[in-house]
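Residue 0 is where the sequence shown starts when you use numbering that gives the first Met the number 0, and the numbers rise one by one after that.
Worksheet: the structure to be examined is printed underneath.
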Amino acid sequence: MADIHEVEHLPAEYYSDFISTAAKERKPSPIRNLLPLEKVPGVISLLAGKPNASTFPFTSLSFSARSPTDPTQESTLTIDGAELEAGLQYGDTAGFKPLLDWIFGLQDALHGRRRGEGWKVSMGGGSQDLIYKAVNVMVDPGDSVLVESPVYAGVIPIFHSLHCNLIEVETDAQGIRSSSLRSILEEWPADKPKPKVLYTVPYGCNPTGATATLERRKEVLKLAREHNFIILEDDPYFYLYYGKEPRYPSYFALELEEPEVGRVLRFDSLSKILSAGIRIGFASGPEALLEAIDEHTATSNLQTSSLTQAIVYKLLDSWTYEGFRTHTEMVSEFYRQKRDVFESAMRKYLTGLAEWSQPEAGLFFWFKLLLAENEGKGDSEITIKTKAFEKGVLALPGTHFLPNGGPTPYVRASFSLTGEEDVDRAVRRIREAILDVREVNGCGVKVSGERNGAACY
Ligand SMILES: Cc1ncc(COP(=O)(O)O)c(C=O)c1O
């Protein structure tokens, strides 16, 4: 990786055009901004309305956790004294310092990004919290934004609430199609402001399961430089990569090969590897953008829970980076096996009825029902939402992942929880639902008194 002295980063002024009017107008929180000064040695703080921790009933917190190297072994970790007091008290807006330091080290080890290169980390209540805030501090109402299509359904309402013009960038089994992105940008009308952000999920995308190839990633980064936009790299499935080839670098790592860094705002999540309910995610990226996000936090939820951050830190610190790597490898191998079980059921029941690409990361199969034109107008909604559910299986019709809605023959199935027998049952029920709809639509069954003659394939 590049040496720290060779890394050029975009200056703070560059981001002025990327901060929304609402974020620019937001006044810094007077108390939260001064909180770090409490740590100056010798200072007596009369600043914040912090409750006195001696009145809190908790005296010690112990939990047991499986060893990453030997899951049959458990160890008990205890948080008490000053550590517990910090966990029970208000803390810094950006996050619990020991955890932030640990994450800085992680990003250095995994993405080659050193501290002092003009980037920082902020913690959030899951990555969703940070994505919501990032969009709100960067995008003005009515702005055009680039989103891969299909896209993670959880971001559509964020953009809709700002009345954004959602520009759909095509994707395929190799992830986001940089050629589609290039055409959009090269044909962009001269009298209209260009989009400031691109949202993409590069590993095991939700919903498509696709992982963006190295060539695509490099091309997208080049386009970000040429057309001046920030890549929102939402990567909750980064640690769930189980492909045979060595993993591709993240956008956050790859931008080190660019003339200067600062066009990637990366979102990580602990939801899929430690706990989804603990609600911890983190954003890494240009200081100016993260500071705007912190200001948003300071006026919304004040901070991410100190206690859950203290628990996560206690665990990660006891594991070391090596233990974390071992744990995440175990998790990704778990999901690789789940994928294989699901895919063999798909081959058994859906061959000739659906098409799919094998995911190399994440939790999802995205499959295309081979519907005739007049079977629900090439849309999976009736087959999946109505028929398959009647037969006792729930999956999500693809239309929910289209930024601007509309019909699609695709379906998203999550294979994270289901055991082998239930997978077999579920996929068989999907087969039956497809066959039922085909029959009703004309493969030998009368519709409204006449055959409609649909092709059956
Ligand atoms: C693509 C994507 N982004 C963000 C999230 C939200 O994750 P978190 O639990 O970290 O908020 C999810 C959750 O499934 C997701 O699939």
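Cβ atoms here follow ideal geometry from the backbone N, Cα and C, with glycine treated the same way.
Per-residue DSSP class, three states only, for residue i
| i | result |
| --- | --- |
| ASP2 | Caution applies to ASP2, whose pLDDT of 47 falls short of 50 and renders its modelled position unreliable; the value that the coordinates give is listed next. Correct three-state label for ASP2: coil. |
| LYS367 | strand |
| LEU45 | coil |
| LEU60 | strand |
| LEU395 | strand |
| ASP187 | Correcting the residue type first, residue 187 is Trp in the shown sequence and not Asp. In the structure shown, TRP187 sits in coil (DSSP, three-state: anything other than H, G, I, E or B). |
| ASP423 | helix |
| LEU273 | coil |
| LYS96 | helix |
| ILE157 | helix |
| ARG215 | helix |
| TYR13 | helix |
| ILE18 | coil |
| TYR202 | coil |
| PHE281 | strand |
| HIS8 | strand |
| ASN164 | strand |
| GLY452 | At GLY452, the pLDDT of 31 sits below 50, so the modelled position is not reliable and the matter cannot be decided from this model. |
| VAL439 | helix |
| GLY80 | helix |
| VAL136 | helix |
Closer than 8 Å to chain D by CB, residue i
| i | result |
| --- | --- |
| LEU220 | Given the protein chain composition of this structure (a single chain), no chain D is represented. |
Residue i beta carbon near ligand 1 (any heavy atom closer than 7 Å)
| i | result |
| --- | --- |
| ALA275 | yes |
| TYR13 | no |
| GLY284 | no |
| VAL196 | no |
| PRO235 | yes |
| VAL200 | yes |
| GLY125 | yes |
| ILE230 | no |
| SER270 | yes |
| TYR312 | no |
| GLY203 | no |
| ILE157 | no |
| ILE130 | yes |
| GLY240 | This sequence places Tyr at residue 240; Gly is not what is there. Incorrect: TYR240 has no Cβ contact closer than 7 Å to ligand 1. |
| GLY153 | yes |
| GLY111 | no |
Which listed residue (the options) has its alpha carbon closest to that of residue i
| i | options | result |
| --- | --- | --- |
| PRO206 | ALA360, TYR241, ARG31, PHE388 | ALA360 |
| PRO285 | THR75, MET137, SER305 | MET137 |
| ARG113 | VAL150, VAL6, ASP423, PHE323 | VAL6 |
| ARG176 | THR199, ILE310, TRP187 | THR199 |
| LEU288 | THR58, ILE381, LYS132 | LYS132 |
| THR92 | PHE158, LYS38, THR303, ALA282 | THR303 |
| ALA275 | GLU12, GLY261, THR307, GLU380 | THR307 |
| THR407 | ARG424, ILE383, GLY377 | GLY377 |
| GLY280 | LEU105, GLN127, LEU109 | GLN127 |
| HIS295 | HIS8, LEU9, TYR14, SER28 | SER28 |
Unbroken stretches of the alpha helix (DSSP H), 4 residues or longer, contained in the stretch 304 to 373: Taking only runs of at least 4 residues, the alpha helix (DSSP H) segments lying wholly in the stretch 304 to 373 are 305 to 349.
Whole alpha helix (DSSP H) elements within the stretch 231 to 271, 4-residue minimum: 250 to 253
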